Each structure stands twice: as C-alpha cells, then as structure tokens.
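Asks: All residue numbers for the sequence shown refer to the working numbering, where the first residue is 25 and numbers rise by one. Backbone N, C-alpha and C define an ideal beta-carbon position, used for all residues, glycine too. As the structure is a prediction and not an experimental result, all values here were calculated from the model. Attaching a single structure in structure tokens format; questions to follow.
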Amino acid sequence: RRIRANDATYNALFNYANNYIKTSKYTFLTFAPLNLFEQFQRLANFYFLCLLVLQLIPQISSLTPITTAVPLIVVLSITALKDAIDDFQRHRSDSQVNNRLSRVLRGGRLVDERWHKVQVGDIIRMENDQFVAADLLLLSSSEPNGLCYIETAELDGETNLKCRQALVETAELGDDNEKIGSFDGEIICEAPNNNLSKFEGTLNWKGKSYMLDNDKMLLRGCVLRNSKWCYGVVVFAGKDTKLMQNSGKTIFKRTSLDRLLNLLIIGIVFFLLSMCLFCTIACGVWETVTGQHFRIYLPWDTPVPTNNVTSGATVISLLVFFSYAIVLNTVVPISLYVSVEVIRFCHSLWINWDDKMYYAPKYAAARARTTTLNEELGQIEYIFSDKTGTLTQNIMTFNKASINGRVYGELLDEITREPLEITEDTKAVDFSLNPLYEPSFRFYDKSLLEQVRSGDQRVHEFFRILALCHTVMCDEKDGKLEYQAQSPDEAALTSAARNFGFVFKSRTPTSITIEVMGHIETYDLLAIFDFNNVRKRMSVIIRKNGKIKLYSKGADSVIFERLGPSSNDLKIKTSDHLNKFASEGLRTLCLASKDLDENVFNNWNERFHEASIAMEHREERMNALYEDLEQNLTLVGATAIEDKLQDGVPQCIANLGMAGIKVWVLTGDKQETAINIGYSCQLLTDELIDILIVDGMNYSEVEQQLTKYLEMIRSQYRGTTDSLIHPYLDDLNSLSENAEGQGYALVANGHSLVYALQPSMESLFVDVSSGCKSVICCRVTPLQKALVVDLMKRHKNAVTLAIGDGANDVSMIKMAHIGVGISGQEGMQAVLASDFSLAQFRYLERLLLVHGRWSYFRMAKFLRYFFYKNFAFTLCHFWFAFFCGFSAQTLYDPVFISFYNVFYTSLPVLALGVFDQDVSDKNSIRYPKLYTPGLMNLLFNKMIFLKSVAHGLLTSFILFFIPYGAFSYAIDPNGLSIDDHQLFGTTVSTILVLVVTVQIAIDTAYWTNFNHVVIWGSALFYLGMTILINMNFFGNPYVGTFRMTLSTAHFWFTLFLTIAILVVPIVAIRFYYVDTHPTLSDRVRMRQRLSDLRTRPSEPTLRISSVRRSSRRSVRSGYAFAHQEGFGRLIMSGKIMKKSKSSNLTNNLHSTPKHQNHWNHKTNNVREKGSPSTVEV
C-alpha cells in the first residue's frame, strides 16, 4: 500500500476504503427479502414452505393453506422481529461511531470532520482522552521526543497504558499546523491485516527512508491518555483497520441436544414418509377394491384416468402420498425451534439476573454472552482451567527471599525453631522510618530489615537488582509516586525493594536513579535485555563509578544454566530453598549478577549495534548476543511471591468433583508450582495412591512412562465396577458425602505433551488421563491448551468447558464446547472470546450445578412433552385414515390444526421449560451428585424420545377409538344422529387439549402463578376461542358444532372415561416408581418438602473446608514474570521519559531532604494490608 500525506488526489487512485463502519446487515428496503432468504436456509422453515406450496395445489391438498401458513408466518415474524431489533441496535451503534467528530487538517487549517468522512492520507489532531478514529502513523505529540501514551482496552482488553513514539524527524513538526499541513511524506507499508502486534513499513521523506514498526502506530479503538495532543496520518481506514479486521464472526457452537434433535427430526421425517407410503399403498388397494364402485358418489378428480381402474387408482394413490405429507406434517413441529430459542433466552436471563453470582468488589455480574448453549452447562464432563488469575487472584505479594544461602520471611518459634503460622493478628515489620514506604506492604521477618540496616553487602546487592533490573515506569499523581509495571510480579518486586529502602525514583533513556536508604544513586543505563516467553529472563547493564555490571533475574531453570563455577555451593542451598518455597505454592525467581570489563563491553556493544540495525534476522542476531554476555553469572538469591487462591476455589472444585466432573488444570507455570496449587485447591489430596508424572524428553521416554502408568491404573481398577453413579440410590446421606476413594493424578509437562499429543500416542495418553481423578498439564503453550481440549472432545465424545482469564486462554476457550471467561487482572480478552463470563472461579459451581442442571432438566422435560403432545395430535389422522378410505380427509377442524401448536398448547410447555425445577438451588449445590443425570444423558436420549413417541402414539389411539366407539351410530335423546364427522372431530380435539393440559399439570414440579395462568388459561382459551370461531360471524363450516357437542351426554362420558384411562395409569406408575425406586432428585425433593412442612430453616450447605496440604515430595516452583515484552526497547530507543519541571533529562519526582535520613531510627507500627501493585508516597 502506498500513501501520500495531504494528497487526496493521489490516494484516490488506489480506491482505499473510507472510514465508514457498517456492522449492520440490513437496510429498510433489503430487510424483508434478505431476512426471509436467511430464514429459509434453515431446513425446517424450507420444509414447511414446500408444504405450503403443496397445499396450494387443490388436487392433493385436503387442508386449507392457512393450517401451515399461520404457524409459519408466526415463526417467521417472531424471528424477523428479533433480527430487526438486533440490527437496529447495530445501526444505532454504527451511527454513533460514524458521527463522532475528529479534528482534521484541511488546507493548513484544523476543521471538525465526522469520522466517516476521514480518508486515507488525512492528518488528524487528537486531544487527551479521545478515541483514535483510524489506524494512524504517529507524527508528533505534546510529550518530549514524540512520545504518547495510549490505552488499548477496546483492542485487547488491557487497561494498562502503552507507549508509542514518533520518529525523531517528524516529532520536530510539533503542533505547527503550517508545517504539518505541508508534510508530504510517502508511506509504503503492508496490506491490511489483523495482526495487532506487528506493523512493517517505510516512510520516504526529504530523500531519506525511515523504518516504521508497531511502536509508531496508533490503532483505531485506542484512547489517548496522559498526552495533551498528538498528530497522525491515516494509514488504514474503516474496514481496513486492524480493529475491524479482528472483528470476525464468532465460532458457531451447537449443543449435544441440538445435534440429537437434528438426528431425531430426520428420523421423524422418515417416519412421516413411511406413514405416507403406507397410506399410499392402502389407498391404491382401497380404490381398486372398493372405491371404484362408488365413483358415482365420489367421482375421481380430472387428472385421474377413468378408463382404467388400475391406472386411476395408481394416480390417486400417488396424489394421496403428498396429501398425507401435508396432513401429517405436524409430527415435525415448526414451533419447536422458536420455543427452544425462547426457553434458552429466558435461561440466559436467569444467569444474568442471579445476584448470587454478582461480585460486588468489581461490580461484575455473571453474563451469558450467548443464548444457545445453556443446557450444555448441565452436561459438562471435563473442565479445563487456567491457573494464574483463574484459580488464583493474580495479585502478587512479596513473601520470602533466599539471600546468600539464608531464608528470610519465616517466623520461627524461639524454642523449637519451627515455623509459625502467620495470621491476621501477626505483628508485621514496621517500615515507617522509610519516608517512601507503602502502608499497604506487609512483611513479618524483621531480620531482613535488620540486615539491610546493618549494611550487609549481599543483601544490598539483592535489593539493588530488584530496584534496577526492571522496565517499570514511574509517574507522579497528586504528589504521590506511582509505578506502571507490565506484570503484577514485577510490581511486587519493585515495591518490595522500595519498602526495604531501595526506591526506584526515575529513569532516562541513558540512566536510572534510585534512592538507597536516603541517598540518591544514579547509574548509567547501557542496555536492557528485555523479557520474552523464550528467554524467560531479563537483564540490564549499568555503570557507576567506572564499574560495569550486568544484573539478571529470571526462572531458576534458565539462570542456573548460566551460573559460573563459583556459585555451585550456593546453587545447592538455593535450590533447596526453592523446593521449600514451591511446597507452599509460591512463585519463584532467581537473581544473578556479573562484573563486565570495559573493553569486553565496548566490543560487544559494537556488534550489538550492527545487529540492531540489520534488516534480516535482526531478532535472532540480537538474542545470540544477549546469550554471549549472560554467561558465568554469580548467583545472588531468589525471591518468592505469593499468588493467593481465590475465595471458595477448594470448595468449588471439591463439589464439582463430587458431581462427577473431572477438572484439569492447564498452566504455563512450572510443574512444582502447579502441583502445590493442586494441593491447595484440593485437586490433589493425600488420599491419592500416587501422582503420575510424565516428563520424558523424547518420544520413547514418554511412551514408556505412559505405558507403565496405564498398566498401574488397570491393575488398580481391575475387577472393580463402573464408577459412574447410578441414577437410583438407596442411601440419601451418601449424596452429600465425598465418596471419592483412592485413585491417581497425572501431571504432564509441556515438552512431554509435544509427543503425547502426536496421533500415534494420543490414544495412550487419553487412556491414562481418563483413568486418573485429576490431571495437571504444566509449561503448556496456548496452542497446546487448545490441542488438549480438542483431544478429549474427539476421543471421549465428552462435553468440555474451558475457563481462563488471559489472552493465552482464548484458543482453549474457543475450542471447548463451553468457554467461560473470568474478568481478571490480565485484561478482557478471555471474556470477549467466551460464551459465559464470571468474576470469580467459585461462581462456576453455581453456574453448572444450579443453572446448568436446571437448564438441562427443563429442556429435556420440554422436549419429552413436546414430542408427546405432537404425536398424540397428529397420529389421530392416521387412525382416521382407516375409516375414510385413505383419502387424506382430516379429522379436525382446519382452524384447530393451525391453532393447536401456536395458541392452545404453546404457553404451558414454555412455562414448563422456563420455570420448572425439581429441587431448590440450595439443594442443587448441597447434593452435587444430582448433576449426574446430565453427565449420563439420562433425561433425554433416543430411548426417552421413543418412550415419548410411544406415549403419544398410545394416547392418540385411545383418543381416537374411545370417542369413535362412543359416537358410532349414536343418537341423542331427541332421536337425532350425532355420529357425524364434524361432531366426532370436535370431540376428539377437545379431549386432546384437555388431556395434554392435565398431562402438563402432572409433569410440572414447580408451580408459579404464571404456570397456573397459562395451563388453566390455555384450556379456557381453547373453549372460548372454539365457541367464537364456530359462530355464524366467521362463516366457519363447523358452525354450531361445538355447542352441539357440549350438549350431548356422550361427550361428557367419553371425556371423563378417556382422561381416566390416559391419566390414571401415568399417575399410578409415577407413584410406584417414586415409592419403590426413587431417583436422587425424588429423595432430595421429599426431604425438601418435609423441611418446608416443618417450617424449619434449611440445613447449612455442605462445604469442604479449605486446608492447605503439604506436598509429599520435594518440589520446585519456578516462575519468571508472565507478562508481555516490557518497555525495554522504548527506554533504550530513546527519550521515553517526560521532562520534569526542573530538568530536561530526568523525571525525578522527589528528593529526600538532605538532612532527614530516618534509617537509623526504629519504631514498630502495624500497617494495613493491601495490594502492592500501586505505589504511593
């Protein structure tokens, strides 16, 4: 793409997209045709459209087209209304965005222009807190050297500020509109794409070429922060912007019930065709044997040949095939799909409105971001969870340290020297003598502060590394010092150094200033080797008083590999300390240093400069040079940071495990850290037989380990019965007890998963993991997380749920059947990709055990009843075929056929699907094994469907033949014949409505006022509507039939006899099973009712206490800051810092008064507990 600034004529030659945004689908004129086209792409709608066309052909239709047209029009109208409302919202949103104002440079003057009129090549001026209108190349800003800060929450969900910096040459343009208006630079760059973190281009201006990268771009959707103004030239506009390129379609997910429903509908269609075929053959036989003799009374239609009986009967029978396809079409219910969507929508509202899943500290409620997956929440078999920020709080606190072979941070008993437990009442170290300390910082071992004050050089070097080796930025807000860190880990470490007297004060591109116990120290900053996920460490090179030092911090695995021989003894001691820290679930980091010779550094620096300006393989060459210097390091110590578990995590995981759900943890942390978090959250327990660790480094080792473990598992479970919970249980008390016995847990490393996930070994891995009660995968990449989820989906055919809070969890969340995002410390990317969002992991328990179970229970009950009532309704036509010569004559009034599913029986079944519940929410959580029927598909499956069909078939048989026997040749007391077709059809239809109404009353377990209104109201509505329709006013052929029917004793006798025959056996069978074979929910419901009768408060919900379990093995935790690449490149590329009021080079915010050094005084004040992430003075 070629762009010339301020040259609209040149840019117009390329026909670039304008800045108009359109996310809506329809216009006023295109809505009707486009929406209908989309709706008829659904197979069910197209099927009924074909039926409607067939009904327009009089030779094959015995029904008026109204019978299909009315339900179809209602369904299409409801769907169209929903689509119209959604699209109206999109139109309104588009209008708001397109009509935002921006300041555009036109002819050297700034004019207000609406966003949709902004063109590629325009130069825009933005003010502080304004949204960026398009993808811009930053030219200049109010800050020194073209620096500006942006917030990218709309792009990636992250609220921490990011830095962008203009080229030095364009930054000199400042805010001179005349100079900027004459800027004619030509930009040659990449084509539009969706990569938010990469941009490649070149600026040609004044005969020189300048390289452009992502650090010089302001993307649409960003907000300008902490900068008064900035100018930028539009590179991408409208649909070409990276924001719009990333707004792709959401992956379409379907529930297992949806897939089963589609299969059943296909089966129903084949059943319908079979009935039509039978009626076709029977019609041909009847016309040949009997019908031909009555042609004088029932003449054949015009198209039928009359000269040959066989030919005529054949043509009639073929026409009858299509006629019965029309008459019996209601076995494929058109209203089913609309009813399902309405029920799902209401289930989503229950989730959104549940105040028990509302997290007050963040003002965050649970949100159903999709309305199509609710019942799938009641069938989850595997949960795949991230660890950091999902199980833990992702709020780091400096907990312990190992310095020169000594551990700090533990409180020891003065007599036994055993560690003491730290509680809320434990007295913390007093840091108040440090004028820059944080009141929120808490540390309990005063010996470390004493070592600092005594001048211990190793301790001082330890804290100097923490104060100097980072990419933290400091700023002054309201007279207070605040740090902007790229991760909670780095914020905690810098904060710890500050409180112990090593305060990071300011930095420039070439220097960094700290205050050490009241004395200012300024270091020359020579280089920053920034952190990334491959290096897993960061280093700085600093110089002071002519001495050059390299300070490094990182994961123990990478630091230990680069230590010199002099650190061997200390390495052993520190390794033991790391094991101890890991046993407590702490995140660890190692610190090291190295003295550099001036000549060695200068030689290295020359080679580094050459690599940094190379156009090819730049990153690889620079990383190789980093490696050259980061060798033969001297170990200084290690830090231990606590990332606390979220509230309620152990109880939640325990209850989910009792429900039969398997929880897997997929984390990028080290194996040892993950294992100990597993113990903390009771994913791992001491009752386990063993923890099986897969850590092979090659294919054969991994295969050997998995084969060995599989044999161990099989030998343990050989001869035991299936561990699945039977739907019937004799002992109710066992419902609320953790009946989990011994078993295995599996821990797999990321490098081993590379081999375990290969096609030749994945079945073995699935067999081993399926035999374990819990699985932890550590050191896994985002792609591996998705592959593990996909593996279990394919091999176990199980419903999966993935839950996470960061960008590295997005692929896993999208891959699983259900994706749950947690709005945590790492931004909102996971929430934006999810199907459901929660504020805390513990709410997952209620989401699944209450809302998920209820949704599945309601949907299964709805489908059972829906198929029953439709088969009972439709098959009466089939029985009638035997008495009408298979002529496709309908039994019911055509109006009744149209209204049955839409008006007479729709609301009661909707109320059942929306409100019904077998047990209360408290008991759903108290007895988690109630969740089991969903895991086993017990409430709706092919067998249940066949039972519903059989129930409907039997009902239709009795509904038809009892009235037929009663009204056959019947005469009323006045001697009038009452065995006509219309009276008989009205009798059957009336009894049908009353029977299905009584049936749904029996099926309803939870009665609300709405249930009473719609169930009894539907029956009354039928009676009233039928009387109204049969009046002379409407000209219905059934005029007066209903009143005649109600006036006969035959009808009332038939009504009560039929209802008794159909309902009494159902009630008796259900009482029998509840009494002799009660299900889990039957027993809980009985206890619930007894409790309500006694008007006693419900018993407390069963909870398993959260107890931190110590590990049985020596384990090591290692964690090297899980954050993105820091500010290192910007710091070293030049002039990232703001100018202070007193200096153009530094951003010193405070200087401690020269004569007030309080470090030799001692006091003991207990401070308040809080977060160290924000630092205040």
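Since I believe R138 is in contact with T47 (beta carbons under 8 angstroms), could you give me their beta-carbon distance rounded to a whole number of angstroms?
Replies: For the purposes of this step, residue 47 is identified with residue 23 of the sequence shown, where counting begins at 1. For the purposes of this step, residue 138 is identified with residue 114 of the sequence shown, where counting begins at 1. Rounded, the Cβ-Cβ distance is 17 angstroms, inconsistent with contact.
Asks: Can you tell me which residues form a DSSP beta bridge with G578?
Replies: The count along the sequence shown starts at 1 and reaches residue 578 at position 554. Partner(s): R561 and C614.
Asks: So is F1008 buried or exposed if we call it buried at 16+ other beta carbons inside 10 Å?
Replies: Position 984 of the sequence shown, counted from the start, is the residue given in the question as residue 1008. Buried, by the Cβ-count rule.
Asks: Grab the span of the beta strand (DSSP E) containing L862 for me, first residue to last.
Replies: The count along the sequence shown starts at 1 and reaches residue 862 at position 838. It spans F860 to L862 - the beta strand (DSSP E) in which L862 sits, taken as one unbroken run.
Asks: Should G315 be labelled buried (16 or more other beta-carbon atoms within 10 Å of its own) or exposed?
Replies: As a working mapping, residue 315 is identified with position 291 in the sequence shown. Buried, since its Cβ has 16 or more Cβ neighbours within 10 Å.
Asks: Give me the Cα-Cα distance between W377 and C370, rounded to the nearest whole angstrom.
Replies: Your numbering for residue 377 matches position 353 in the sequence shown. Your numbering for residue 370 matches position 346 in the sequence shown. So the two alpha carbons sit approximately 10 angstroms from each other.
Asks: For L550 and H875, which I take to be in contact (beta-carbon distance under 8 angstroms), what is that distance rounded to the nearest angstrom?
Replies: Working through the sequence shown from its first residue, we reach residue 550 at position 526. Working through the sequence shown from its first residue, we reach residue 875 at position 851. Actually they are not in contact, since the Cβ atoms of L550 and H875 sit about 58 angstroms apart, beyond 8 angstroms.
Asks: Among the residues of its own chain, which have a CB less than 7 angstroms from the CB of P357, if the five just before and after it don't count?
Replies: Taking the first residue of the sequence shown as position 1, residue 357 is located at position 333. Answer for P357: F890, N894 and N925, listed in chain order.
Asks: Can at least three beta-carbon pairs, one atom from the region 664-674 and one from the region 944-961, be found at a separation below 8 angstroms?
Replies: Contact between the region 664-674 and the region 944-961 is not established, with fewer than three Cβ pairs separated by less than 8 angstroms.
Asks: Whose C-alpha, out of A337, R531 and Q143, is nearest the C-alpha of D264?
Replies: Looking up residue 264 in the sequence shown gives position 240. Looking at the Cα atoms, Q143 is the closest of the given residues.
Asks: Short of 8 angstroms in beta carbon distance, which residues of its chain neighbour R1094, apart from the five on each side in sequence? Order them along the chain.
Replies: To locate residue 1094, count along the sequence shown from 1; it is residue 1070. Here the set comprises I1026.
Asks: Quick one: residues in its chain with C-beta nearer than 7 angstroms to the C-beta of Q1112, no 5 flanking neighbours on either side, listed in chain order?
Replies: Position 1088 of the sequence shown holds residue 1112. Result list for Q1112: V943, S944 and N947, in chain order.
Asks: Using only the alpha-carbon positions, how far apart do W1040 and P89 sit?
Replies: As a working note, residue 1040 is residue 1016 in the sequence shown. As a working note, residue 89 is residue 65 in the sequence shown. For W1040 and P89, the distance between alpha carbons rounds to 30 angstroms.
Asks: Taking Cβ positions, are S972 and R882 nearer each other than 7 angstroms?
Replies: The residue labelled residue 972 in the question sits at position 948 within the sequence shown. The residue labelled residue 882 in the question sits at position 858 within the sequence shown. With respect to the 7 angstroms criterion, S972 and R882 are not classified as neighbours on the basis of their beta carbons.
Asks: Tell me the residue span of the alpha helix (DSSP H) that contains T1050.
Replies: Counting from one through the sequence shown, the residue named residue 1050 turns up at place 1026. First-last of the alpha helix (DSSP H) with T1050: N1033 to I1053.
Asks: Strictly by DSSP, which residues pair up with R28?
Replies: Within the sequence shown, numbered from 1, the residue matching residue 28 stands at position 4. Looking at the DSSP assignment, R28 forms a beta bridge with E210.
Asks: Considering only the alpha carbon of each residue, which of T532, E644 and L267 lies closest to N169?
Replies: To locate residue 169, count along the sequence shown from 1; it is residue 145. Nearest C-alpha to N169: T532.
Asks: Going by the beta-carbon positions, is the gap between I685 and A769 smaller than 7 angstroms?
Replies: One-based indexing of the sequence shown puts residue 685 at position 661. One-based indexing of the sequence shown puts residue 769 at position 745. Not in contact: I685 and A769 (Cβ atoms no closer than 7 angstroms).
Asks: Helix, strand or coil: which one does DSSP assign to Y1240?
Replies: Past the edges of the chain, shown from 25 to 1201, lies residue 1240, and the structure says nothing about it.
Asks: Okay, do the region 769-779 and the region 792-800 touch, 3+ Cβ pairs below 8 angstroms being the bar?
Replies: yes
Asks: By DSSP, does G661 sit in helix, in strand, or in coil?
Replies: Along the sequence shown, one-based indexing puts residue 661 at 637. Looking at G661 - three-state DSSP - the assignment turns out to be strand.
Asks: For a quick check, are the C-beta atoms of F72 and D159 less than 7 angstroms apart?
Replies: Counting from 1 along the sequence shown, the entry for residue 72 is found at position 48. Counting from 1 along the sequence shown, the entry for residue 159 is found at position 135. No. Outside cutoff.
Asks: Following the continuous alpha helix (DSSP H) through M299, name the residue where it begins and the one where it ends.
Replies: What you label residue 299 is simply residue 275 of the sequence shown in a count that begins at 1. Taken as a continuous stretch (DSSP letters only), the alpha helix (DSSP H) holding M299 covers S280 to V313.
Asks: Under a Cβ-count criterion, where at least 16 other Cβ atoms within 10 Å of its own Cβ denotes burial, should C74 be classed as buried or exposed?
Replies: Stepping through the sequence shown from its first residue, residue 74 is reached at position 50. Result: exposed.
Asks: What do you get for N458, buried or exposed, if any count of 16 or more other CB atoms within 10 angstroms of its CB means buried?
Replies: The sequence position of residue 458 within the sequence shown is 434, counting from 1. Counting Cβ neighbours within 10 Å, N458 comes out buried, since at least 16 surround it.
Asks: Classify W878 as helix, strand or coil using the three-state DSSP reduction.
Replies: By 1-based counting over the sequence shown, the position of residue 878 is 854. Helix.
Asks: Could you say if the region 215-227 and the region 102-120 meet the contact criterion of at least three C-beta pairs nearer than 8 angstroms?
Replies: no
Asks: For the putative contact between T691 and A698, defined by C-beta atoms under 8 angstroms, what is the C-beta separation to the nearest angstrom?
Replies: The residue labelled residue 691 in the question sits at position 667 within the sequence shown. The residue labelled residue 698 in the question sits at position 674 within the sequence shown. Going by Cβ atoms, the distance from T691 to A698 rounds to 5 angstroms, so yes, they are a contact pair.
Asks: In or out: A425 buried (at least 16 other Cβ within 10 Å) or exposed?
Replies: For the purposes of this step, residue 425 is taken as the residue at position 401 of the sequence shown. The residue in question, A425, is buried, as its Cβ has 16 or more Cβ neighbours within 10 Å.
Asks: Expressed to the nearest angstrom, what Euclidean distance is found between the alpha-carbon atoms of D600 and G433?
Replies: Residue numbering aside, residue 600 sits at position 576 when the sequence shown is read from its first letter. Residue numbering aside, residue 433 sits at position 409 when the sequence shown is read from its first letter. Spanning the two alpha carbons is a distance of roughly 15 angstroms.
Asks: Using C-beta distances below 7 angstroms, list every residue in its chain close to T1176, excluding the 5 sequence neighbours before and after it, in chain order.
Replies: Counting from 1 along the sequence shown, the entry for residue 1176 is found at position 1152. With a pLDDT of only 40 at T1176, under 50, the local geometry of the prediction cannot be trusted, and the value read off the model is given with reservation. P459, E539 and G542.
Asks: Can you find the residues in the same chain that come closer than 7 angstroms, C-beta to C-beta, to L397, ignoring five residues on each side of it along the sequence?
Replies: If you number the sequence shown from 1, residue 397 lands on position 373. So the qualifying residues of the chain are K277, T279, I842 and D859.
Asks: Just to confirm my understanding: we take I147, look at its own chain, exclude 5 residues before and 5 after, and list those with CB closer than 8 angstroms. What are they?
Replies: Locating residue 147 in the sequence shown gives position 123, counting from the first residue. Around I147: A29, N30, V128, L129, L163, I204, G205, F207, Y255, G256, V257 and V258.
Asks: Cβ atoms of T1028 and T1069: under 7 angstroms apart, would you say?
Replies: As a position in the sequence shown, residue 1069 is number 1045, starting the count at 1. As a position in the sequence shown, residue 1028 is number 1004, starting the count at 1. The answer is no: Cβ separation not under 7 angstroms.
Asks: Which stretch, first to last residue, makes up the beta strand (DSSP E) that contains S347?
Replies: As a working mapping, residue 347 is identified with position 323 in the sequence shown. Not the beta strand (DSSP E): S347 falls in the alpha helix (DSSP H), residues V333 to V351.
Asks: Tell me which residues share the same chain as Y44 and place their Cβ nearer than 7 angstroms to its Cβ, disregarding the 5 neighbours each side in the sequence.
Replies: Locating residue 44 in the sequence shown gives position 20, counting from the first residue. For Y44, where only same-chain residues beyond five positions count, the Cβ hits under 7 angstroms are N122, H140 and G262.
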